[in-house]
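S.K.: Quick note: the sequence shown uses this note's numbering, first residue 475, plus one each step.
Glycine included, every Cβ here is placed at the ideal spot set by N, Cα and C.
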Amino acid sequence: MKFDVVIIGSGIAGLWAAKYINDNSDLSTLIITKKEVWDANSFYAQGGVTMALDKEDVALHIEDTIKAGSFHNNKEMVEILSRSSLKLKEDLKNYGFKFEGVTREAAHSVPRVYHAGGDATGRELHRFLIKKDKSYLLDNASVFDLLIEDGVCYGVSLLKNNKKYNVYANNIILASGGIGALYKYDTNARTISGDIQGIAIEKGMEINDMEFTQFHPTVFIQSKFSQKLLLTEALRGEGAWVVDEEGKRFLFEYDERGELASRDIVSRAIFMHQQKGHKVFLDVSMFEEEYFKNRFPTIFNKLRDYDIKVPFEKIPISPAFHYFMGGIVVDVNAKIKNFKNLYAAGEVANTGVHGANRLASNSTLECFVFGRKAARDILKNRFKTDERIFDINDEILFKENDKKYKNMLREIMWKNVGIIRTKDGLSEALDFVEKHIDKLGRLTKLRFLTAREIIKAAIKRKESLGAHYRKD
Ligand code: SIN
């Protein structure tokens, strides 16, 4: 099988890239997704898409993004991101997508997060893009290798129905998302496990900002599924309070912005308060029931399943892993350094827009903006690989104890490479990874490779910055 463009991942970055290519050329596109097409992080985005309100708001959006990112951002990329948001708004409108309103999320100076479907913006966008998609789709297919020689990627190796295949391509876009499954508590889709980053590391691609892992402050972690229920920032943006068992709004002891401080600060404050023995809740009792049900239907219904009667009852919360700022380094065209035809867009990439801590709902925007950049560059260059056949990587993909080690990794990443880090804790995590990495099946080994780089980067950065907090 050979396609003009193979896209790994069926989230917004991949779908938007595919749409541009399909609308503007007759190139063949294949989207490969690990499970079902909706098993992507952007499908679960609740808050929305950040877009500058108008030309005048661009400067403030850039400022908010850079402040939230602890000034570690790539300014040029942030400017591209924000300016492109105006065009994106036009494009989505022209394609017939309707947002239902604009809300505020933490660390935004003004409401500029566009939402749809109440708290189901990601789902609505995803459904809209899938309906329009003209690509071939290969689902339930796990990519376990990239076919690379001399700065050219010739395709991917994947597992489908227990059989290994090579699929060849002229251009490849990695849009496979982040690393949620590396942590015990996370809000990510079940498929998001850092394995493509592992391949990138193995192949020597440049990675950056690996120490910056973002924890969302308000997550209901008591659900039985590995994907924990996010309680969107828009709740706090629209007035919800974070309180302890005595009803005290303790966040103000940590930051004068209280509930509206950036995500890293709020997560840390909640975590520290919990460590002092307090219980922490989200109080949404200021919302009328009818309003809450319509504005936040996903949260309303899911919590009712757990017998929590919102908005009347407080929701027990904890921070949980949410988003990875690190990733594979790309240029302004979303192209991976030193490659002729390999791109990365969305959470798997490191564009530098998020700095050390992502501003709320900038990630969906990044998926759109850099997904399209990759697509445009492919159409501009029309790179063609020569005909070559690769042997399929014969490493064993699964081994007997993989599950046990995956779970141990999740525990140690949460405990030692989480919200608050120390040299000893990080060293213990690194020892654990080094000790076990060579006994694993390939797919688990790829996760461990990614985890190892996260830990090493966290050890290397001795000072606290953004989402990376060193107690010592
Ligand atoms: C949220 O709705 O709180 C999540 C949005 C984001 O991840 O930026």
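Can you tell me the Cα-Cα spacing of residue 489 and residue 603, whole angstroms?
M.R.: About 6 angstroms.
S.K.: Using the DSSP secondary-structure output, state which residues sit across from residue 944 in a beta bridge.
M.R.: Answer is 895, bridged to residue 944.
S.K.: Just to be sure I understand the criterion: a residue counts if its Cβ is closer than 5 angstroms to at least one heavy atom of ligand 1. Which residues meet that?
M.R.: Ordered along the chain, the selected set is 520, 521, 706, 707, 834 and 835.
S.K.: Less than 9 angstroms between the C-beta atoms of residue 952 and residue 864, yes or no?
M.R.: Past the boundaries of the shown model lies residue 952; the chain is included only from 475 to 946, so the question cannot be answered.
S.K.: Distance check for residue 892 and residue 679, CA to CA, integer angstroms please.
M.R.: Rounded to whole angstroms, residue 679 to residue 892 spans 25 angstroms at the Cα level.
S.K.: Once the 5 residues before and after residue 542 are set aside, which same chain residues still bring their CB inside 6 angstroms of it?
M.R.: Hits under 6 angstroms: 581, 736, 831 and 833.
S.K.: Do residue 946 and residue 889 have their C-beta atoms within less than 9 angstroms of each other?
M.R.: Cβ atoms of residue 946 and residue 889: not closer than 9 angstroms.
S.K.: Can you check whether the CB of residue 795 is closer than 9 angstroms to the CB of residue 654?
M.R.: Result yes, Cβ atoms of residue 654 and residue 795 sit closer than 9 angstroms.
S.K.: Compare the Cα-Cα distances from residue 649 to each of 534, 715, 558 and 492 and report the closest residue.
M.R.: Out of 534, 715, 558 and 492, 492 has the C-alpha closest to the C-alpha of residue 649.
S.K.: Taking Cβ positions, are residue 827 and residue 548 nearer each other than 9 angstroms?
M.R.: In this structure, residue 548 lies closer than 9 angstroms to residue 827 by Cβ.
S.K.: Can you tell me the Cβ-Cβ gap for residue 744 and residue 754, rounded? I've got them flagged as a contact below 8 angstroms.
M.R.: The Cβ separation is near 5 angstroms, so the contact holds.
S.K.: Can you tell me the Cα-Cα spacing of residue 940 and residue 706, whole angstroms?
M.R.: The straight-line gap from Cα to Cα measures roughly 20 angstroms.
S.K.: Would the stretch 558 to 576 count as touching the stretch 841 to 851 if we require 3 or more Cβ pairs under 8 angstroms?
M.R.: With the cut-off at 8 angstroms, the stretch 558 to 576 and the stretch 841 to 851 touch.
S.K.: Hey, out of 772, 612 and 599, whose CA is closest to residue 562's CA?
M.R.: Residue 562 has its Cα closest to that of 599, out of 772, 612 and 599.
S.K.: For residue 597, tell me which candidate among 718, 522, 702 and 860 has the shortest Cα-Cα distance.
M.R.: The shortest C-alpha separation from residue 597 is found at 522.
S.K.: Work out the CA separation of residue 579 and residue 733 for me, nearest whole Å.
M.R.: One C-alpha to the other measures close to 10 angstroms.
S.K.: My output table needs one value for residue 851: the three-state DSSP class, helix, strand or coil.
M.R.: Residue 851: helix per DSSP, three-state reduction.
S.K.: If you measure between the beta carbons of residue 884 and residue 704, is that distance less than 9 angstroms?
M.R.: The answer is no: Cβ separation not under 9 angstroms.
S.K.: Answer yes or no: do residue 822 and residue 551 have a C-beta to C-beta separation smaller than 9 angstroms?
M.R.: Taking 9 angstroms as the Cβ cut-off, residue 822 and residue 551 do not qualify as a contacting pair.
S.K.: Per DSSP, which one or two residues make a beta bridge with residue 552?
M.R.: Its beta-bridge partners do not exist; DSSP assigns none.
S.K.: Quick check: the Cα distance between residue 511 and residue 651, rounded to an integer number of angstroms?
M.R.: About 13 angstroms.
S.K.: What span of residues does the beta strand (DSSP E) with residue 795 cover, start to end?
M.R.: Taken as a continuous stretch (DSSP letters only), the beta strand (DSSP E) holding residue 795 covers 792 to 798.
S.K.: Is the stretch 676 to 692 in contact with the stretch 930 to 939, if contact means three or more CB pairs nearer than 8 angstroms?
M.R.: Yes: at least three Cβ pairs fall under 8 angstroms.
S.K.: In three-state DSSP terms, what is residue 801?
M.R.: Residue state, collapsed to three classes: strand.
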